[in-house]
Amino acid sequence: MSLASALNTTKSIFSNTSTQTSVVSGNISSATTSDYNRRTAVTTTNAYTGATTVKVERTEDAALLKQVLQSISDDSGQQSLLAGLETLNSVMGGDEYSATPSEALTALREALQTYAASPSDATLAAAAVAAANDVATSLNQQTQAVQELRTDTDGDIATTVNTLNQLLSDFEKANNAVKSATASGGDANNALDTRESLLKQISEIIGISTTVRDNNDIAIYTTTGVTLFETVPREVSFDATPAYDANTVGNAVYIDGVALPAGEGSSTSAAGSLQALLQLRDEVYPGYQNQLDEIARGTMLLFSETDAGGAAIAGLFTTVDASVVDFETADIIPGLAGLITVSSAAQADPNTLRDGDIAGVDQNTEGAAGYSDLLYKYVAGFETQMAFDADADISTNATLLDFTSDSIGWVQEYRSDATTAAENTSAMLNRSEEAYSNATGVNLDEELILLLDIEQSYKAASKLLSTIDEMLASLMEAAS
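In my numbering, each residue carries its 1-based index in the sequence shown increased by 4.
Okay, here's the thing in C-alpha cells:
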C-alpha cells in the first residue's frame with residue numbers, strides 16, 4: 005500500500021466514524037422518543053477509498069407497521085365503544101341501577117300493595133300517586149340523559165372529523181417532504197418519522213390501508229375501500245345536529261362522498277373511534293331509548309282505564325301534551341318515555357286511583373271507602389305478561405318488571421362483552437407495538453456496543469495516521 009493510498013484510507017475511516025458516531029448518538033438521544041425509527045449508516049467499499057458511507061438508512065418493517073396500524077384502529081374503536089357504554093351505565097345509576105325505571109316501578113308496586121290493604125287511607129293514596137310520579141320522572145330523566153348522550157356524541161363526531169381533516173392536511177405536507185427528499189436524493193428520514201406518526205394518529209380515528217408509489221409517495225384508503233388520501237386529502241364532511249330527541253336521525257359522515265358505516269356489535273366491527281361513535285349514537289343509545297319507550301307504553305297499558313264504550317284509555321299515566329297514543333299495540337312509540345306523566349286528576353284527588361275514574365268510568369259504583377279490587381288488579385298486572393315490540397331487542401313477551409330487568413341486562417351484557425373485547429384489543433395492540441419497536445426501535449445496549457466498535461475503528465485510524473506521519477517524517481529526513 006502506498007502512502008497516498010494509506011492516507012486516503014485513513015481519511016475515509018475518519019469520515020465514516022464521524023458519520024457513524026453522529027448516527028449512533030442520534031439513536032441514543034432519541035431512544036425514548038415516540039415514533040422514532042433507528043438509523044443505520046450504510047457503507048460500501050471501492051478500490052480507491054475503501055469503505056465509504058453512502059447513506060443513512062431508516063429501519064423499517066412494512067408488515068409489522070401494517071399490523072400496528074390495524075391494532076391501533078381495532079383498539080381505538082373498541083375503547084371508544086366501551087367508554088360510551090360506561091357513560092350509559094353511569095346514567096342508569098351505576099352498578100346499583102338506582103336511576104332506572106325498574107327501581108321506581110318496584111317501589112310503585114309496593115306502594116299499591118300497601119294502599120290496597122288500607123284503601124280508605126288518604127295518606128297511602130297520596131304515597132301511591134307520588135310513587136307513580138317517581139316512575140314518570142325516572143322515564144323522563146332517562147330519556148333526557150340518553151338524548152344528551154347522543155347530542156354529546158354527535159359533537160364528538162364533529163370534533164373527530166375536524167381532527168381527521170387536520171391530520172390529513174399535515175400528512176400531505178409530510179408526504180410531500182418525503183417525495184421531494186427521495187427524488188433529490190436527500191435525507192427523508194425525519195419526514196418519514198413524521199409521516200408514520202401521522203398514519204398512527206389517523207388510524208386511531210379510522211381504519212386505513214396504504215399503498216407505496218413512486219418516490220416513496222403513499223396513498224391512504226379506508227378499510228371499507230374509500231380513498232382517504234391520494235396526492236391530496238379527500239374531503240371528510242359531517243353536519244352536526246345541535247340537539248337530539250327520540251325521533252332525530254343523526255347525519256352520516258362522508259368520506260369522498262361515501263357514507264361511513266357505523267360499527268356493529270359489542271365486539272365492535274368499528275375500525276377507529278369514528279365508527280364507534282356512530283355506533284353509540286345510532287345503535288347503542290337508541291336501543292336503550294326504544295326500551296324506555298316500551299316501558300312507558302307498558303306502564304300506560306297496565307294502568308289504563310275504560311271509557312263508557314269499554315275501550316281502553318289512559319288512566320293514571322298519560323302524556324304531558326295530552327296526545328292520544330296507541331299503548332295497546334306492541335309497537336315502539338318514539339319518545340313516549342319523555343312524554344309520560346301522571347294524570348293531573350290523580351294528583352288532585354289520589355282516591356281516583358282506587359276508584360278507576362281518573363279518566364274513565366267509575367269502578368267503585370257504591371263509593372265504598374274499602375274498595376280495593378282495582379288496586380289489587382293493578383298489583384296483579386305487574387305479574388301479568390304483555391307483548392313488547394321485537395325492535396326493542398329484548399323480550400317480546402314478559403311482565404313489565406321483567407322487561408325492565410331485561411333492559412338493564414341488555415346494557416350490562418353489552419358492556420361486559422365490550423370490556424372483554426377491549427382487553428383483547430389492548431393486549432393485541434401492546435404485542436404489535438412491542439414487536440414493531442423491537443424490529444425498528446433503538447436498543448441502547450446495541451447502540452453502546454456499536455459505539456465501542458466505532459471507537460476501535462477510530463483508534464485504528466489514529467494509529468495508522470501516526471504511522472503515516474512517522475514514515476513521511478523519515479522520508480523527508482532521508483531526502484534532506
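Note that the Cβ used here is the ideal one computed from N, Cα and C, for glycine as well.
What does a CB cutoff of less than 6 Å around residue i pick up in its chain, not counting 5 residues either side in sequence?
i, result
"P105", "S142, L143, I299 and T408"
"D78", "T429"
"T303", "F321"
"Q146", "L296"
Could you tell me the alpha carbon to alpha carbon distance between residue i and residue j, rounded to whole angstroms?
i, j, result
"L203", "L171", "9 Å"
"M96", "L296", "12 Å"
"A136", "G98", "23 Å"
"G364", "E309", "5 Å"
"I362", "G88", "41 Å"
"Q148", "N93", "15 Å"
"E61", "N194", "11 Å"
"A400", "S436", "A quick correction: the sequence has Thr, not Ala, at residue 400. Those two C-alpha atoms are separated by around 44 Å."
"R238", "D260", "5 Å"
"L433", "T228", "21 Å"
"A256", "E100", "35 Å"
"M233", "E268", "First, the residue type needs correcting, since residue 233 is Phe and not Met in the sequence shown. Taking the straight line from one Cα to the other gives about 26 Å."
"Y258", "F331", "38 Å"
"A187", "K467", "40 Å"
"T167", "I453", "42 Å"
"R419", "E370", "53 Å"
"A25", "G159", "Looking at the sequence shown, residue 25 is not Ala but Thr. Looking at the two C-alpha atoms, the distance is approximately 50 Å."
Whose CA, out of the options, lies closest to the CA of residue i?
i, options, result
"T252", "S241, I222, E268 and G339", "G339"
"S485", "L264, L86 and T37", "Summary: the structure shown does not reach residue 485, with the chain confined to residues 5 through 484, and so no result is reported for it."
"I76", "A250, P265, S213 and G261", "S213"
"A162", "S347, G313 and A244", "A244"
"I206", "G267, G190 and Y225", "Y225"
"S347", "A132, T157, D218 and S478", "A132"
"E387", "L404, A372 and D174", "L404"
"D174", "Q351, I344, A443 and S201", "S201"
"A341", "A140, A439 and T235", "A140"
"A384", "T110, A187 and D197", "T110"
"A326", "T345, T167 and I32", "T345"
"A443", "G159, M480, A66 and G254", "A66"
"A274", "D191, Q74, A483 and A482", "Q74"
Cβ atoms of residue j and residue i: under 8 Å apart, would you say?
i, j, result
"D353", "G360", "no"
"Y2", "Q151", "One cannot answer for residue 2 here, as it falls past the ends of the chain, which runs 5 to 484."
"L264", "Q283", "no"
"N179", "I222", "yes"
"D138", "A103", "no"
"A394", "S270", "no"
"F242", "V165", "yes"
"E208", "S80", "yes"
"G413", "R42", "no"
"K199", "V182", "Residue 199 is actually Arg in this sequence, not Lys. The answer is yes: Cβ separation under 8 Å."
"L68", "A439", "yes"
"L153", "T91", "yes"
"E287", "A312", "no"
"V236", "N169", "no"
"I337", "V329", "yes"
"L456", "A35", "no"
Excluding the 5 residues preceding and the 5 following residue i in the sequence, name in chain order all residues of the same chain whose CB lies nearer than 7 Å to its CB.
i, result
"L128", "T118, Y119 and S122"
"L379", "L116, Y119, A120, P123 and R358"
"T155", "A247 and Y248"
"T471", "none"
"A350", "V133, L320, T356, L357 and I362"
Given residue i, which residues of its chain have a CB within under 8 Å of its CB, disregarding the five upstream and five downstream residues?
i, result
"G374", "P123 and S124"
"Q416", "N93"
"A422", "Q82, L85, L86, L89, S270, S271 and T272"
"T157", "G88, L281, L284, R285 and Y289"
"L112", "A132, A135, A136, D138 and V139"
"T398", "Looking at the sequence shown, residue 398 is not Thr but Ile. Same-chain partners within the cutoff: Q295, F392, F407, D410, S411, G413 and W414."
Could you tell me whether the Cβ of residue i comes closer than 8 Å to any Cβ of chain D?
i, result
"A318", "Structure shown: chain D not included; a single protein chain is present."
Length at least 4, wholly inside the stretch 61–146: the alpha helix (DSSP H) runs in chain order: As far as the stretch 61–146 is concerned, its whole alpha helix (DSSP H) runs of at least 4 residues are 66–95 and 105–121.
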